[in-house]
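K.L.:
For what it's worth, our numbering labels the leading residue of the sequence shown as 4, then goes sequentially. Ideal Cβ positions, reconstructed from N, Cα and C, are used throughout, including at glycine.
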Amino acid sequence: MNRRLLRDREDWTTWINMFSARATKSGIWEKLNPDHPVPLLVKPTRPQLPNPSDYSEITFLASGLSDKGYKAYKVDLLNYDMILMDYNSDLEAYESEQKKIREFTALIQSTVSLYLQRKCCLPYRPLQEWLSNLKVEVGVDDC
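(1) Taking three-plus beta-carbon pairs below 8 Å as touching, is the stretch 103 to 116 in contact with the stretch 124 to 138?
(2) With a 10 Å radius around its C-beta and 16 neighbouring C-beta atoms as the bar for buried, classify K34 as buried or exposed.
(3) Check the C-beta distance from A96 over to L44 and give it rounded, since I have them as a contact under 8 Å.
(4) Around the C-beta of L119, are 16 or more other C-beta atoms found within 10 angstroms, so that it is buried, or is it exposed?
(5) Which of helix, strand or coil does DSSP assign to L43?
(6) Comparing C-alpha positions only, which one of R7, W133, G30 sits nearest to N20?
(7) Looking at the structure shown, is L119 part of a helix, part of a strand, or coil, going by DSSP?
(8) Between the Cα of N91 and the Cα atoms of W32, A26, K46, which residue gives the shortest distance?
(9) Note down, in chain order, each residue of its chain lying with its Cβ closer than 8 Å to the Cβ of K138, except the 5 sequence neighbours on either side.
(10) Mapping the DSSP letters down to three states, classify L80 as helix, strand or coil.
(11) Pick helix, strand or coil for L9, following the three-state DSSP scheme.
(12) In the structure shown, what three-state DSSP assignment does T17 receive?
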């Protein structure tokens with residue numbers, strides 16, 4: 004694998020071309036592009052399972068509900084199943100994106116000089132910010 008080390012302005016074009024080509028191939032470049040970033044996915048929140056006690060003040064089991072309460076509970080269970088399927092799909096997309104973020108974080112850490120990493124790639128800051136900081140630090144103009 005041909006990795007170019009980013010040290011200064013002269014390395015920028017080769018380095019960002021390598022980085023963007025890999026990110027494009029992985030389908031994440033549009034979210035990392037420092038010039039036009041798209042927001043990353045937000046971790047989805049797991050839906051709450053309906054609780055039988057929400058349908059009656061007396062029972063904690065679905066079998067103790069009135070017919071009307073039981074029907075409402077069953078409808079909510081069906082809705083929950085659909086919401087859970089959406090959640091699982093969203094979670095899978097989120098986890099896939101996070102895996103790519105980790106891979107490209109590692110790529111930056113292995114191809115950017117330690118000086119630039121310390122100055123531009125602050126922990127807990129998004130990769131889009133890292134790339135913007137690197138671009139500014141090496142003195143690249145958009146001209």
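P.N.:
Let me spell this out:
(1) yes
(2) buried
(3) 6 Å
(4) L119 sits buried, since 16 or more C-beta atoms from the chains shown fall within 10 Å of its C-beta.
(5) Taken through DSSP and simplified to helix, strand or coil, L43 comes out as coil.
(6) That would be R7, whose Cα lies nearest to the Cα of N20.
(7) It is helical.
(8) K46
(9) W15, I19, P37
(10) Under the three-state reduction of DSSP output, L80 falls in the helix class.
(11) strand
(12) Reduced to three states, the DSSP call for T17 is helix.
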